[in-house]
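See structure below.
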Ligand SMILES: Cc1cc2nc3c(=O)[nH]c(=O)nc-3n(C[C@H](O)[C@H](O)[C@H](O)COP(=O)(O)OP(=O)(O)OC[C@H]3O[C@@H](n4cnc5c(N)ncnc54)[C@H](O)[C@@H]3O)c2cc1C
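Residue numbers (our numbering): 303 to 750.
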């Protein structure tokens, strides 16, 4: 039997393509080796945000204690996990039901290519006209002695009990977010990062966030490369190397927060003639089509497309582009302008567009404004001391090239800057906008 389309991956990148093609009368199969729903819905953004919101309540209560509120908010970890499950548990069943309603055939298991037009899953060989690789990402191998003792972000989101001490390997956005959650929930937390933390974010704001994270008693160690993990009775000893030589920390739990790579190794892409980069990401052209096998397209974390960060909205955008190109012939290119990235710490760090360093290294003439906003009324009202912004504006045209926010509601306000960048609005346009007041967004008028 020949499928018009086989999709591997039921996450943000794959499921939309399968649905759209099935609605257009295509014979479609979808395959996943994990419960249906993908990383974002089951093991990433959505469950994480449930924990983030609870940890924010604790933080807010602590900030306002003595300023008109009293008492103590605290995290009840097992109850919070049970609440989180009410979001994740229904996803696989309802998603599979929706696929069946569209006539999509569903396969569970790890699949792999056997030829440029053949895919095997559970010993069954399927033939296809088109294929979409939306296989997502997995934690990058650490290549450390004792790596087996290191738990993944998925394990962290499933913890039935939060231990007293947690070490995060890495200082990227997942490590920061989870460290903030664990700390607000009562754990003593150490972060061991190899290079500059949150490397792709604006360094002035990152420095403030790192200081604030330390003020919360999270031990953030930079330039500290983990070299091994040992089990000592029921504890773990995490060895690391820094400028001060070799050292170790003892902990009850070690969590991997040191980056992810495309989950493509099992797919045997070479058998289908699908070229990949050194990380295993599918090399695609401007239509998100494999550069070496035109039957195959890719979307989401498993594709390498310049300017596309591995985030859910990007995967969704790519899935729309791929669907259109499959159904109507190559006609749509992805547009990655104005994609926001957020670190869901408390407070959040949010960014869109270029950093100052990027703009200057590209030789652009820019107007930069950067201020600590912790004394602005909007932040004082909630007693948030970690608050800052930086805006980067093209001197000639007044167009907004980048915006960076640290503070309450940063993850919401950044969307206004994203819209401005996508629609070529100028700093003057945003300054003259009439904002609802008093809101954090109203502060934008003073950021240029
Ligand atoms: C802890 C965490 C927090 C995150 N938070 C955010 C956030 O706040 N905001 C944001 O925008 N992004 C966030 N992300 C990133 C986001 O989840 C991903 O960018 C997004 O889910 C990618 O979607 P995808 O469709 O490419 O892959 P996925 O959703 O990962 O789906 C791919 C699926 O394909 C399956 N698969 C792979 N290979 C095979 C095979 N050979 N056979 C069968 N099935 C296979 C995988 O098991 C997986 O289920 C987070 C990620 C993590 C891990």
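Glycine included, each C-beta is placed from N, C-alpha and C at the ideal position.
Whole angstroms is fine: what's the gap from residue i's alpha carbon to residue j's?
i: residue 371; j: residue 361; result: 13 Å
i: residue 500; j: residue 402; result: 41 Å
i: residue 446; j: residue 619; result: 36 Å
i: residue 329; j: residue 339; result: 21 Å
i: residue 422; j: residue 323; result: 21 Å
i: residue 327; j: residue 622; result: 17 Å
i: residue 476; j: residue 379; result: 19 Å
i: residue 313; j: residue 716; result: 25 Å
i: residue 524; j: residue 427; result: 49 Å
i: residue 730; j: residue 700; result: 7 Å
i: residue 367; j: residue 518; result: 16 Å
i: residue 411; j: residue 425; result: 10 Å
i: residue 474; j: residue 560; result: 7 Å
i: residue 689; j: residue 710; result: 8 Å
i: residue 487; j: residue 662; result: 41 Å
i: residue 713; j: residue 420; result: 43 Å
i: residue 727; j: residue 686; result: 30 Å
i: residue 614; j: residue 600; result: 14 Å
i: residue 449; j: residue 472; result: 14 Å
i: residue 453; j: residue 395; result: 27 Å
i: residue 355; j: residue 376; result: 12 Å
i: residue 364; j: residue 373; result: 9 Å
i: residue 318; j: residue 460; result: 27 Å
i: residue 672; j: residue 505; result: 12 Å
i: residue 569; j: residue 414; result: 4 Å
Is the separation between the beta-carbon of residue i and that of residue j shorter than 8 Å?
i: residue 493; j: residue 458; result: no
i: residue 510; j: residue 708; result: yes
i: residue 641; j: residue 616; result: yes
i: residue 577; j: residue 565; result: no
i: residue 558; j: residue 418; result: no
i: residue 574; j: residue 595; result: yes
i: residue 539; j: residue 548; result: no
i: residue 344; j: residue 416; result: no
i: residue 657; j: residue 609; result: no
i: residue 537; j: residue 554; result: yes
i: residue 590; j: residue 636; result: yes
i: residue 507; j: residue 692; result: yes
i: residue 433; j: residue 598; result: yes
i: residue 311; j: residue 438; result: yes
i: residue 604; j: residue 435; result: yes
i: residue 665; j: residue 702; result: no
i: residue 653; j: residue 503; result: yes
Could you give the first and the last residue of the continuous alpha helix (DSSP H) run that contains residue i?
i: residue 350; result: 347 to 366
i: residue 399; result: 392 to 403
i: residue 444; result: Here residue 444 belongs to no alpha helix (DSSP H), and DSSP marks it neither H nor E.
i: residue 619; result: 614 to 630
i: residue 475; result: 475 to 486
i: residue 583; result: Element bounds for residue 583: n/a, residue is neither H nor E.
i: residue 456; result: 455 to 459
i: residue 515; result: 505 to 517
i: residue 597; result: Per DSSP, residue 597 belongs to no alpha helix (DSSP H) and is neither H nor E.
i: residue 721; result: 712 to 724
i: residue 734; result: 729 to 734
i: residue 318; result: 317 to 325
So is residue i buried or exposed if we call it buried at 16+ other beta carbons inside 10 Å?
i: residue 305; result: buried
i: residue 478; result: buried
i: residue 742; result: buried
i: residue 611; result: exposed
i: residue 369; result: exposed
i: residue 694; result: buried
i: residue 647; result: buried
i: residue 534; result: exposed
i: residue 357; result: buried
i: residue 303; result: exposed
i: residue 463; result: exposed
i: residue 349; result: buried
i: residue 675; result: buried
i: residue 739; result: exposed
i: residue 515; result: buried
Comparing the CB of residue i with every heavy atom of ligand 3, is any distance shorter than 7 Å?
i: residue 490; result: Absence of ligand 3 from the depicted structure is noted, with ligand 1 being the only ligands included.
So the beta strand (DSSP E) residue i belongs to, where does it begin and stop?
i: residue 407; result: 407 to 410
i: residue 306; result: 304 to 310
i: residue 467; result: 467 to 471
i: residue 333; result: 330 to 334
i: residue 413; result: 413 to 417
i: residue 491; result: 490 to 494
i: residue 420; result: 420 to 423
i: residue 431; result: 426 to 435
Those runs of the beta strand (DSSP E) which lie wholly inside the stretch 632 to 702 and span at least 3 residues:
643 to 645, 650 to 655, 668 to 674 and 690 to 696
What are the start and end residues of each continuous beta strand (DSSP E) run of 3 or more residues lying completely inside the stretch 524 to 562, in chain order?
527 to 534, 537 to 544, 547 to 553 and 555 to 558
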